[in-house]
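First residue of the sequence shown: 111, per the working numbering; consecutive thereafter.
Glycine is no exception: its CB is placed at the ideal position from the N, C-alpha and C atoms.
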Amino acid sequence: VKVYSADGSLMWSCRSDSAGMAYAYYSVIGSEGVPASLKISCGGQDFDYALSNSDLDDTAVINLSFGTQVYTPKALDLMFMIDTTGSMWDELEYLQTELEDVITRVKNNNPNLTLRLSVNFYRDMEDTYIVRSYPFSANIDEELRALKAEYADGGGDYEEAVELALDDAVNKHEWSEDAVKLMFLVLDAPPHNRQDVRDSLASTLQEAVLKGIRVIPVASSGVDKTTEFLLRTFAMVTGGTYTFLTDDSGIGGSHITPTIGEYVVEQLCDLLVRLIDEYLTGVAAEPVPATIPERPEPTYVPITDYPYEPIIDPTDPTDPVFPIDPIEPIDPVDPWYPEHSNSTVIISVVEGTTEEMIEAICAKYPDYGLSIKYNYGEINAFALQTAIELPDDELFSLMASLEAEECVLEASLDYIYRLDDPIVDYKIETE
Numbered sequence: 111v112k113v114y115s116a117d118g119s120l121m122w123s124c125r126s127d128s129a130g131m132a133y134a135y136y137s138v139i140g141s142e143g144v145p146a147s148l149k150i151s152c153g154g155q156d157f158d159y160a161l162s163n164s165d166l167d168d169t170a171v172i173n174l175s176f177g178t179q180v181y182t183p184k185a186l187d188l189m190f191m192i193d194t195t196g197s198m199w200d201e202l203e204y205l206q207t208e209l210e211d212v213i214t215r216v217k218n219n220n221p222n223l224t225l226r227l228s229v230n231f232y233r234d235m236e237d238t239y240i241v242r243s244y245p246f247s248a249n250i251d252e253e254l255r256a257l258k259a260e261y262a263d264g265g266g267d268y269e270e271a272v273e274l275a276l277d278d279a280v281n282k283h284e285w286s287e288d289a290v291k292l293m294f295l296v297l298d299a300p301p302h303n304r305q306d307v308r309d310s311l312a313s314t315l316q317e318a319v320l321k322g323i324r325v326i327p328v329a330s331s332g333v334d335k336t337t338e339f340l341l342r343t344f345a346m347v348t349g350g351t352y353t354f355l356t357d358d359s360g361i362g363g364s365h366i367t368p369t370i371g372e373y374v375v376e377q378l379c380d381l382l383v384r385l386i387d388e389y390l391t392g393v394a395a396e397p398v399p400a401t402i403p404e405r406p407e408p409t410y411v412p413i414t415d416y417p418y419e420p421i422i423d424p425t426d427p428t429d430p431v432f433p434i435d436p437i438e439p440i441d442p443v444d445p446w447y448p449e450h451s452n453s454t455v456i457i458s459v460v461e462g463t464t465e466e467m468i469e470a471i472c473a474k475y476p477d478y479g480l481s482i483k484y485n486y487g488e489i490n491a492f493a494l495q496t497a498i499e500l501p502d503d504e505l506f507s508l509m510a511s512l513e514a515e516e517c518v519l520e521a522s523l524d525y526i527y528r529l530d531d532p533i534v535d536y537k538i539e540t541e
């Protein structure tokens, strides 16, 4: 759909989605004048439509019908552009765990679909990388391996290199001409507030509209009101959908209440599947409300200076600050958090150890798919993640091997607190 002014100047060009909706925000890029006509290309034919004053009303919807066959898309270009600065570790870990299932469900719902995936990551100007991108590929397993090898690190200030990430996503990838094009932008911080950044964003968004790329922001913990409205603009201009995380999961940092009125809380994986299916079919589906369990009163979450060294031993009944009255005797042989290590090993290292040195150590264990999950920076520690679940004996063997490395001081398991752990059976009181 092309929008022209009275003197014949092109003011905006966009593509309709699978539901036949096209959104022409012609003033976003500073176009002057009033739209006078539309030119619609459909089914290999061009149609002209002269705009009346009533068409230009703020609430007007222009309905046009053409005697052409409706095109049903058979291909999907699915992109994830993910902020991987330090605060995004929980969102990144969720996608590493759930994205494979999301794609499987989309394929099952659309059996004749050709799907290409591209996973991409960005940080900020002074980090180990600014944008790390992967081209679209029909080899989904290869893309998922790239996703699982990534870890959160860096950042520092609030703003990140969002404009460079979007430029890479829109202009440096080979998007298919006839595919449904979706970009999920997962982030918790805005771009830097400079004129050159604003100009870059406007230009990139216009190019995304020309190509028919729908930007779907996933606003994560840390997003403020200014960032919310910026991300909603990204979605509106490109015909995407603004989505956001809430506090209902109890995971990660706090999330602002969006300025949208009532909404339905869904599981993120269900939301992703629903939106992808809607953009493929043009048929909206009702969201399935998430089951949000009632949480018990807080019991005890370890307070730590280091991720591998609790300050207080919660199994010590003589502790003067946190006396514990176990309902059942505690077996000192069993780990306090049984079987929730998530195959993550924390290593403390000598000062001056670099990521490159740790990556070289990880490369010694190709059968485990060992990779850096998180760099704890100033406390000289790294979280290492195996690509496969390992039984305890293999984990302990791996830890012993890691401790034999010259730069490694200690290796320990990263146990995860879960509400269904036996610890909820313990009565814990504070003075």
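Beta-ladder partner(s) of residue i, from DSSP
i	result
Leu-494	Val-455 and Ile-482
Pro-183	Its beta-bridge partners do not exist; DSSP assigns none.
Arg-242	Phe-231
Glu-520	Ser-458
Met-131	Bridge partners of Met-131: none, in fact.
Met-189	Ser-228 and Met-293
Phe-354	Ala-329
Beta-carbon proximity of residue i to residue j, cut-off 8 Å
i	j	result
Tyr-389	Asp-127	yes
Leu-341	Met-189	no
Gly-266	Ser-197	no
Ser-359	Glu-201	no
Ala-185	Asp-288	yes
Tyr-239	Glu-253	no
Tyr-475	Leu-500	no
Glu-136	Pro-145	It is Tyr, not Glu, that sits at residue 136 in the sequence shown. A contact, by the Cβ cut-off of 8 Å.
Ile-192	Leu-174	no
Val-455	Ala-514	no
Val-383	Pro-397	no
Val-319	Thr-348	yes
Asp-211	Cys-472	no
Leu-276	Thr-314	yes
Lys-335	Ile-370	no
Val-241	Glu-273	no
Ala-271	Tyr-232	yes
Leu-480	Thr-496	yes
Coarse secondary structure for residue i, derived from DSSP in three states
i	result
Thr-409	Note on Thr-409: pLDDT 44, under 50, position unreliable in the model; the coordinate value appears next. Three-state DSSP puts Thr-409 in coil, outside helix and strand.
Asp-429	No answer about Asp-429 holds up, because its pLDDT of 46 lies below 50 and its placement is not dependable.
Lys-149	strand
Ser-126	coil
Phe-176	coil
Asp-477	coil
Ser-119	coil
Ser-164	helix
Ser-507	helix
Ser-247	strand
Thr-414	Because Thr-414 sits at a pLDDT of 38, beneath the cut-off of 50, its placement in the model cannot be relied upon, and the following sentence gives the value as read from the coordinates. Three-state result, Thr-414: strand.
Ser-359	helix
Val-171	coil
Arg-349	Correcting the residue type first, residue 349 is Gly in the shown sequence and not Arg. Looking at Gly-349 - three-state DSSP - the assignment turns out to be coil, as it is neither helix nor strand.
Thr-194	coil
Asp-502	helix
Leu-341	helix
Glu-515	coil
Glu-419	Annotation note: pLDDT 41 at Glu-419 (below 50); position unreliable, coordinate value reported separately. Three-state result, Glu-419: strand.
Leu-223	coil
Glu-236	coil
Glu-438	A caution first: Glu-438 carries a pLDDT of 46, below 50, which makes its placement in the model too unreliable to give a value.
Boundaries of the beta strand (DSSP E) in which residue i is found, first to last residue
i	result
Val-113	112-115
Asp-158	155-160
The alpha helix (DSSP H) enclosing residue i, as first and last residue numbers
i	result
Tyr-204	199-219
Asp-489	The question names Asp, but residue 489 is Ile in the sequence shown. Element bounds for Ile-489: n/a, residue is neither H nor E.
Ala-470	465-472
In chain order, each beta strand (DSSP E) run of at least 3 residues that lies wholly inside the segment 257-335: 290-297 and 323-329
Whole alpha helix (DSSP H) elements within the segment 367-406, 4-residue minimum: Runs found: 378-391.
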